[in-house]
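First the structure, in the form of structure tokens, and then the observations on it.
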Ligand SMILES: [Zn+2]
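In the working numbering, the protein residues as written are 11 to 277.
Here's what the structure looks like:
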């Protein structure tokens, strides 16, 4: 299904932006995207050590050299859900999109990941802590840091990768959790129509304090939670996460080098 840009009746208009540099013509050379990775600085590492918890995490940046949308993939908010981390690491190590920018944060909660527990030791659930507090407890600082990074980078879509223990009661298959933001629903429905997404369903209502609920509600940035039930074999979970990421890149037009994206971003 192809969705015309900006024709939905309930579609919020794109914000007015200043004109950027003209797009360069597409050449075969420019199809070969470059990879630039950025990591937390030494200063940030020092602050982490000082505070006892790393409050500053930088996503890995995968630039395609062709102007286009930005997709942010977040994984590892819950430390006992390794398939999203696995998928995000593989994504960061592989080929970037043909157009636009991919930001990947494979481990959004390193202390929880190290403990292989839902939350970092001594902390509450990070995914109920957004938008966080800069001077709060370690988990609140981590949430505030992630929230600030997203507010600054202004991605066109955020995918938050999770595993589900059945509390959503959505059946045996994977599903997307869609916040009440028209653009998020539009992107989710377009994703569900793509090859590789046949087994996915969707539901609404990411909980208050979750990354998806707060950045869509407070920043109007569409965010989708990708939930893979733990009834799915572990070997299959990372593949389904990757299928959702590929579908997101496709609907944003990041796999096209010409003008024909399935849904063109507000840029
Ligand atoms: Zn989770």
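Don't be surprised by glycine CBs; every beta carbon is placed ideally from N, CA and C.
Less than 7 angstroms between the C-beta atoms of residue i and residue j, yes or no?
i           : j           : result
residue 123 : residue 86  : yes
residue 207 : residue 107 : no
residue 130 : residue 142 : no
residue 156 : residue 234 : no
residue 78  : residue 99  : no
residue 96  : residue 248 : yes
residue 204 : residue 260 : yes
residue 119 : residue 101 : no
residue 175 : residue 240 : yes
residue 194 : residue 245 : no
residue 140 : residue 221 : yes
What does the alpha-carbon distance come out to for the pair residue i and residue j?
i           : j           : result
residue 173 : residue 75  : 33 angstroms
residue 161 : residue 228 : 10 angstroms
residue 53  : residue 251 : Bear in mind that the predicted position of residue 53 carries a pLDDT of just 49, short of 50, making it unreliable; the figure below should be weighed with that in mind. Approximately 33 angstroms between the Cα atoms of the pair.
residue 262 : residue 167 : 8 angstroms
residue 144 : residue 158 : 10 angstroms
residue 266 : residue 196 : 19 angstroms
residue 198 : residue 91  : 22 angstroms
residue 67  : residue 146 : 17 angstroms
residue 150 : residue 126 : 20 angstroms
residue 258 : residue 148 : 32 angstroms
residue 224 : residue 163 : 16 angstroms
residue 216 : residue 238 : 15 angstroms
residue 182 : residue 243 : 11 angstroms
residue 104 : residue 121 : 25 angstroms
residue 50  : residue 202 : Its pLDDT being 41, under 50, residue 50 is placed unreliably in this model, and the value from its coordinates should be taken loosely. Their Cα atoms are separated by approximately 35 angstroms.
What is the C-beta distance between residue i and residue j, in whole angstroms, given that I count them as a contact (C-beta under 8 angstroms)?
i           : j           : result
residue 69  : residue 81  : Contact doesn't hold; Cβ gap of about 11 angstroms is too wide.
residue 214 : residue 188 : 5 angstroms
residue 84  : residue 112 : So it is not a contact: roughly 12 angstroms between Cβ atoms.
residue 231 : residue 165 : 6 angstroms
residue 191 : residue 212 : So it is not a contact: roughly 14 angstroms between Cβ atoms.
Could you name the residues that DSSP lists as bridge partners for residue i?
i           : result
residue 170 : 84, 235
residue 187 : 213, 235
residue 73  : 111
Among the options, which one has its Cα closest to the Cα of residue i?
i           : options            : result
residue 89  : 71, 133, 73, 104   : 133
residue 2   : 103, 138, 117, 200 : Nothing about residue 2 can be reported from this structure: the residues present for the chain run from 11 to 277 only.
residue 117 : 219, 243, 217, 93  : 93
residue 218 : 138, 103, 121, 105 : 138
Is the closest heavy atom of ligand 2 to the C-beta of residue i under 6 angstroms?
i          : result
residue 91 : With respect to small molecules bound, the structure shown includes ligand 1 and not ligand 2.
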